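Enquirer: Structure provided below as structure tokens; questions to follow.
Number of protein chains: 2
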Amino acid sequence: MQDLHDPRDPRDPYASDVPGTREEAAARDAADPLAPLRALFEIPAGLVYLDGNSLGVLPRATAARVQQVVRDEWGNGLIRSWNSAGWMTLATRIGDKIGRLVGAQPGELVVADSTSVNLFKVLWAALSIAAAQSPSVTSSHAPGRRIIVSERSNFPTDLYIAEAMARERGFELVLADAGEISGRLDERTAVLLLTHVNYRTGAMHDMAALTAAAHAAGALVIWDLAHSAGAVPVDLHGAGADFAVGCGYKYLNGGPGAPAFVWVHPRHVERFWQPLAGWMGHAAPFEFRPGYRPAAGIGRYLCGTPPVLSLAALECGVDTLLAADAPARAAGFADGTQALRRKSLALSRLFAARVGELCPALALASPADDARRGSQVCFSHPTHGYAIMQALIARGVIGDFRAGDPAHTKDAADILRFGFTPLYVRFVDAWDAAEKLRQVLDSDEWRRPEFNQRNAVT
Amino acid sequence: MQDLHDPRDPRDPYASDVPGTREEAAARDAADPLAPLRALFEIPAGLVYLDGNSLGVLPRATAARVQQVVRDEWGNGLIRSWNSAGWMTLATRIGDKIGRLVGAQPGELVVADSTSVNLFKVLWAALSIAAAQSPSVTSSHAPGRRIIVSERSNFPTDLYIAEAMARERGFELVLADAGEISGRLDERTAVLLLTHVNYRTGAMHDMAALTAAAHAAGALVIWDLAHSAGAVPVDLHGAGADFAVGCGYKYLNGGPGAPAFVWVHPRHVERFWQPLAGWMGHAAPFEFRPGYRPAAGIGRYLCGTPPVLSLAALECGVDTLLAADAPARAAGFADGTQALRRKSLALSRLFAARVGELCPALALASPADDARRGSQVCFSHPTHGYAIMQALIARGVIGDFRAGDPAHTKDAADILRFGFTPLYVRFVDAWDAAEKLRQVLDSDEWRRPEFNQRNAVT
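Residue numbers (our numbering), protein chains in the order written: chain A, 4 to 461; chain B, 4 to 461.
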């Protein structure tokens, strides 16, 4: 067996040197042990899809599975399917599968609600635990530790949830730029709330180092894995993390608005009753007794009845990631996530190098350092990012666009985002996408009126 | 056109007199203007399904619609479908349709999350508004109005959510029996939280009278419409209600775990920022700006990204109810909900009369008075309700079972629940179900061991 663990090894299909021709890119695809996984997806003909960081592609198994749930389990089984079709255990069964992707043990992670709602649960719990630990605590408002620290460019919903909770519970939300976070952690910090991989730039935090820094300051850490789960290897236990949430519809390919997930370290999970105390998180939901008794372990982070159709689709998506284990191991990798990470970086290196060469109007907005970049590459354009992306989509390459924030000089420029999902994106796709981006920019076709009318979602 | 509004009119297919033979029951079906609606559903052959109050039957349109969402909108449209397929407006579009069933105006009701999560949002908001109104208020803990009043036999998840919030925010949860609720409302009451139709017994509160009593005491009212929406006419504006939530998977036929809904009276909706401040409730979610600004109106009660597959199925379910409008109006009713209510009562009267005659071991546990009964009929058995229901299911009649609460003498007995969904249940179904229940009881077949092993959900 080849040693595929050294990117300097020329036999490595994910080698660090960048292909110099389309033929060399095609040769990488031919040598890629993960290439067969593309057949697990329904990819529209002629489309290069670089937006799996926003909505993953439809897995080939999903349509039939959802039909089975609709026609057989719901249509024929009706109410009986809560038992006979295993609906009651879907949230934990899928949770265990996602756990394998993020370094959680079986029984520690459940699928539930949305990322925003799960963030509310864990932030509430973390603030309460931090308050209880605080030496000067005299009330639930924790005069000793009253600050939530987060990143200024964190995904807005995370900041909105934190802002609302800070206001309601008497905490303060402090925002820092990425490089200044460690310096803002001190004896007043209750919780550090971070998204592991930045949604705009793809910049990835060092989860272990920042977790250790927060713990050294006596604070708890919540990691949002929305752009990490299924995209980069995550080791929650290895990092010593306290809480995590994440998204089902991005790299997990669970479908539009797929339910999200929540993980709590076993050392915390039974220390607190999270306040979204719905019946599915009860120790015995079908006793129908007044008086809440939370389920043992992570089950208490469930709330209401889960959306079974969307859960079934999510499981198909998660299964596409677990399918990477076999070919990855056959090629000498420890598991699928390790091989996917190596391929993702090889794809994004190729794309970044080609765009850097072909498109001088664009500036790299993601870290050039592999170790600091997630599974996306972003470029900034001072003014016309939206129209450029629309013109590129018209040429059959889908990425997406995030507007700059004029109030924040570091993030003032428009961002073109390109997500690289190594399950289904090929080296020739990265090559062709860069070429089409060059054509859009060289032709000025992005100036056409139809590419300059903004929709709600881009 | 016949006058069908008087149940004493013998020409009325939903007349108050009970058919005396199966042939007479079949004649009611033949005269029933709503009978054609049964063809909108996929009902397993030979099954009498009296559990639509727990999980509605699969509408015939749903499977194809869900496939369209999966294959075309997600598979081919991918991220573009947030605009092109209208995913961004699903929550309000379906909300407006549900609004027609519960007396809400367009733009006042949205579909989001689960009933439990929505209850958390409105209870938080109501407590905050009540606290702000309280003359002696000095903090968000509202020393003047510190009590949440609810019903002892309310659905447990409602009580769990209220219990958790009361604990966290310094309120007290006071539980009363149904007849004693008005007497518990006073100057210390912040919020009255009630489920309109009781999940165990089908007993229905007088929404207008209890709302008026709460308002007279200076309290706000939250109505849980889980067993009302699509089952009984509801007029939120007519009752002067303040807040409402409800369920998508019972009488709305939205599928297992379908998303729920939330309504806030326009006089309250912009008075408060509910704390589950996710990005979908932001005034401009795609600006991606830090700093929460809630959407105008009910949009601020959205939170995270909605589960599109489950939403699409819910819309098909809601459409089955709206389909009752045309035949109902043709038959002289004001709208579908009025005709559905009349048929529902005619069905439950027939079933209750037949069971009362044939099954002396069972006692009626629902109000005999039509005006006080929702769309279900329940019977109690002192000890063996579970096994009796299992044996009945084996005979092709699905109802469900709720255990008695030994801590509460009034609810100590086991309950057999039978939901009557007039969209698809026939008069002969009610007749046959009573006959099969008699056979189960007369034969003692419910004593078999296989009917006495309890599963998680029944």
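C-beta atoms are modelled at their ideal positions from N, C-alpha and C, and glycine is treated no differently. Bear in mind the structure is a predicted one, so any value in this text is a computation, not a measurement.
Does M168(B) get closer than 9 angstroms to chain A when you measure Cβ to Cβ?
Expert: So, interface residue.
Enquirer: If you compare alpha carbons, which of E45(A), T386(A), A18(A), G23(A) is closest to A34(A)?
Expert: If we check each option's Cα against that of A34(A), A18(A) comes out closest.
Enquirer: Does the region 354 to 374 of chain A come into contact with the region 333 to 342 of chain A, if we say contact requires no fewer than three beta-carbon pairs (one atom in each stretch) closer than 8 angstroms?
Expert: No: fewer than three Cβ pairs fall under 8 angstroms.
Enquirer: Determine, using beta carbons only, whether V60(B) comes closer than 9 angstroms to chain A.
Expert: Closer than 9 angstroms to some Cβ of chain A, the Cβ of V60(B) qualifies, so yes.
Enquirer: What are the boundary residues of the beta strand (DSSP E) that I418(B) is part of?
Expert: From DSSP, the beta strand (DSSP E) with I418(B) extends over 417 to 422.
Enquirer: Using a Cβ cut-off of 8 angstroms, pull out every chain A residue sitting near T65(B), in sequence order please.
Expert: The answer, in chain order, is V73.
Enquirer: What does a CB cutoff of less than 6 angstroms around S383(A) pick up in its chain, not counting 5 residues either side in sequence?
Expert: Counting only Cβ-Cβ distances below 6 angstroms, and skipping sequence neighbours, we find A366, A368, A416, I418.
Enquirer: So, under 8 angstroms CB-CB, S347(A) and S313(A) are touching, yes? Tell me the CB distance rounded to an integer number of Å.
Expert: Not quite, the Cβ-Cβ distance comes to about 26 angstroms (not below 8 angstroms), so this is no contact.
Enquirer: Alpha helix (DSSP H) containing S383(A): first to last residue?
Expert: Element bounds for S383(A): not the alpha helix (DSSP H) but the beta strand (DSSP E), 379 to 384.
Enquirer: Does any residue of chain A bring its CB to less than 9 angstroms from the CB of R83(B)?
Expert: True, the Cβ-Cβ gap to chain A drops below 9 angstroms.
Enquirer: What distance in whole Å lies between the Cβ atoms of I225(B) and L126(B), which are believed to be in contact at a cut-off of 8 angstroms?
Expert: The Cβ separation is near 6 angstroms, so the contact holds.
Enquirer: Just curious, the beta strand (DSSP E) that S351(A) is in, first and last residue?
Expert: Here S351(A) belongs to no beta strand (DSSP E); instead the alpha helix (DSSP H) covers 339 to 361.
Enquirer: So T308(B) and G260(A) are supposed to be a Cβ contact under 8 angstroms. How far apart are they, rounded?
Expert: With 8 angstroms as the limit, T308(B) and G260(A) qualify as a contact, their Cβ atoms being about 5 angstroms apart.
Enquirer: Confirm, please, whether the CB-CB distance from N455(B) to L374(B) is below 9 angstroms.
Expert: It should be pointed out that residue 374(B) corresponds to Ala in this sequence rather than to Leu. No, Cβ-Cβ distance for A374(B) and N455(B) is not below 9 angstroms.
Enquirer: Please look up how many angstroms separate the CB atoms of P36(B) and P425(B), rounded, as I've assumed it's under 8 angstroms.
Expert: Wrong, their Cβ atoms sit about 11 angstroms apart, outside the cutoff.
Enquirer: Since L279(A) and V120(A) should fall inside the 8 angstroms C-beta cutoff, what is the C-beta to C-beta distance between them, to a whole number of angstroms?
Expert: With a Cβ gap of about 7 angstroms, L279(A) and V120(A) count as contacting.
Enquirer: Using DSSP with H/G/I as helix, E/B as strand and the rest coil, what is E154(B)?
Expert: Strand, per DSSP.
Enquirer: Could you name each continuous beta strand (DSSP E) segment of 3 residues or more that falls completely within the region 257 to 301 of chain A, going from the start of the chain to the end?
Expert: List check, beta strand (DSSP E) in window: 263 to 267.
Enquirer: Hey, D227(A) and G257(A): beta-carbon distance below 9 angstroms or not?
Expert: No.
Enquirer: If contact means a Cβ-Cβ distance below 7 angstroms, which residues of the region 267 to 280 of chain A contact chain B?
Expert: Result list: W276, P278, L279, A280.
Enquirer: Return no unless some Cβ of chain A is closer than 9 angstroms to the Cβ of D405(B).
Expert: For the sequence presented, residue 405(B) should be read as Arg rather than Asp. Cβ-Cβ to chain A under 9 angstroms: yes for R405(B).
Enquirer: So, with DSSP's three-state summary, where would you put R405(B)?
Expert: Reduced to three states, the DSSP call for R405(B) is strand.
Enquirer: Considering only the beta carbon of each residue, do A232(B) and V105(B) sit closer than 9 angstroms?
Expert: Yes.
Enquirer: Once you ignore the five residues that flank Q277(A) on each side, which residues in its own chain have a CB closer than 7 angstroms to its CB?
Expert: So the qualifying residues of the chain are K124, W127, A128, R303, Y304.
Enquirer: Whole-angstrom Cβ separation of L317(A) and V114(A), contact assumed at under 8 angstroms?
Expert: Going by Cβ atoms, the distance from L317(A) to V114(A) rounds to 7 angstroms, so yes, they are a contact pair.
Enquirer: Which of the three DSSP states, helix, strand or coil, is assigned to S139(A)?
Expert: Only weak support is given to the placement of S139(A): the predicted model assigns it a pLDDT of 48, under 50, and the question is left unresolved by the model.
Enquirer: Apart from the five residues just before and just after P236(A), which ones in its own chain have a Cβ nearer than 7 angstroms to its Cβ?
Expert: Within the same chain, P236(A) has close Cβ partners T340, Q341, R344.
Enquirer: Please list, in chain order, the chain B residues whose beta carbon lies closer than 8 angstroms to that of D54(A).
Expert: Neighbours of D54(A) on chain B, chain order: L81, I82.
Enquirer: Does Q108(B) pass the burial test, meaning 16 or more other C-beta atoms within 10 Å, or should it be called exposed?
Expert: So Q108(B) counts as exposed.
Enquirer: Is V125(A) helix, strand or coil when you go by DSSP?
Expert: Helix.
Enquirer: Need the endpoints of the beta strand (DSSP E) that T204(A) sits in, please.
Expert: Element bounds for T204(A): n/a, residue is neither H nor E.
Enquirer: Which value, in whole angstroms, describes the spacing of the CA atoms of L239(A) and R451(A)?
Expert: Looking at the two C-alpha atoms, the distance is approximately 47 angstroms.
Enquirer: Do we get a CB-CB distance below 9 angstroms when we pair M210(A) with the residues of chain B?
Expert: Closer than 9 angstroms: no.
Enquirer: Answer yes if the region 88 to 100 of chain A comes into contact with the region 284 to 294 of chain B, meaning at least three C-beta pairs across the two stretches below 8 angstroms, and no otherwise.
Expert: Touching, no.
Enquirer: Interface residues of chain B around V400(A) at Cβ under 7 angstroms?
Expert: Chain B residues near V400(A): none, gap ~12 angstroms exceeds 7 angstroms.
Enquirer: Under the three-state reduction of DSSP, which class applies to P330(B): helix, strand or coil?
Expert: DSSP places P330(B) in helix when its eight states are reduced to three.
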